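The working numbering puts the first residue of the sequence shown at 1447, with every later residue one more than the last.
Notes follow once the structure below has been shown.
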Amino acid sequence: MNSISKQDARKILKTNIQKLNDREELESAILKRLFPLLQGNSNIITYVPDLQWEVDVLPIIESCPLPRPTSFIESRHSAKWYFPKVVKDKGLCFLRPFSFEKGPYGIFEPIGDEEISVEDADLILVPGLGYHENGFRLGRGGGYYDRILHKESVQKKTIGFSFSKFFPVPFQVEEHDVKVGKMITEFQIHSFFD
């Protein structure tokens, strides 16, 4: 399979993900695969998805303070959930929210004062547009997650999500790209460090 540039891969994925007809059903299947992996973990970093392109993990979060446009999910997890906030000169920090506000990129960010490091989190759910066959994550191009997830010990705790129709993405991996520990589609859990 010929590899393509990240820029081309992002463009193709953004166009095609929006065309999925049965997206809510696919996301529900992904969340059902995720739920058993959450058990026994009490401090979990997650994200607020860009609903156009990223898998929506919020329906599984007990007492999520954001309204959800998706249908009812029968299983919710009651961990301490932490969300990313872009901080000038620091990159990302992860806060336990008591409310949310729109951040600099138009995505909801947490307002809160309880912070967790990626090292102290039990699991880290990461957003992504797509994933390489070897587990490398293709984000939206800001590099925020690449910078904060650079240690292999942290990468092993990460879980990414994709629709099987768009996995793998044959993009050209660069030196700074990070792998996820696991990547879940509606059909399978892929492990990249086992």
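Backbone N, C-alpha and C fix where the C-beta goes; we use that ideal spot for every residue, glycine too.
None of these values were measured; they are calculated from a predicted model.
To the nearest angstrom, report how far apart Lys1452 and Leu1584 are at their CA atoms. 7 Å
Taking Ile1450 as the reference, give the member of Gly1576, Asn1467, Asp1592, Val1503 with the closest Cα. Gly1576
Compute the beta-carbon to beta-carbon distance between Thr1604 and Gly1588, rounded to the nearest angstrom, for a pair I have assumed lies under 8 Å. Rounded, the Cβ-Cβ distance is 17 Å, inconsistent with contact.
Ordered along the chain, which non-local residues of its own chain (more than five positions away) have a Cβ less than 6 Å from that of Val1600? Val1564
CA-to-CA distance, Asp1496 to Lys1531, given in whole angstroms: 14 Å
Might you give, ordered along the chain, the residues of its own chain that have their beta carbon closer than 7 Å to the beta carbon of Phe1544, omitting 5 neighbours on each side? Ile1557, Gly1558.
Give the single residue among His1622, Gln1498, Leu1504 whose Cα lies nearest to the Cα of Asn1462. It is Gln1498 whose Cα lies nearest to the Cα of Asn1462.
Quick one: grab the DSSP three-state call for Pro1550. Residue state, collapsed to three classes: coil.
Give me the residue from Gly1549, Ala1455, Leu1466 with the minimum Cα distance to Lys1611. Leu1466
Cβ shell of Phe1518 (< 6 Å), same chain only, five flanking positions each side left out: Only weak support exists for where Phe1518 lies, its pLDDT of 46 falling under 50; the value from the coordinates is given anyway. Here the set comprises nothing.
Looking at the structure shown, is Glu1555 part of a helix, part of a strand, or coil, going by DSSP? strand
CA-to-CA distance, Leu1477 to Ser1608, given in whole angstroms: 11 Å
Starting from the Cα of Arg1542, find the closest Cα among Ile1594, Asn1489, His1596, Gly1552 and give me that residue. Asn1489
Out of Val1619, Gly1581, Lys1536, Val1624, which has the shortest C-alpha to C-alpha gap to Asn1448? Val1619
Taking the CB atoms as reference points, tell me whether Phe1617 and Thr1631 lie closer together than 8 Å. no
Residues bridged to Thr1604 (per DSSP): According to DSSP, Thr1604 bridges with Ile1570.
Between which two residues does the beta strand (DSSP E) carrying Leu1595 extend? It is not in any beta strand (DSSP E) - Leu1595 carries neither H nor E in the DSSP assignment.
Count the other C-beta atoms from every protein chain shown that fall within 10 angstroms of the C-beta of Asp1454, then say buried if there are 16 or more, exposed otherwise. exposed
Taking the C-alpha atoms as reference points, what is the distance between Asp1592 and Phe1554? 20 Å
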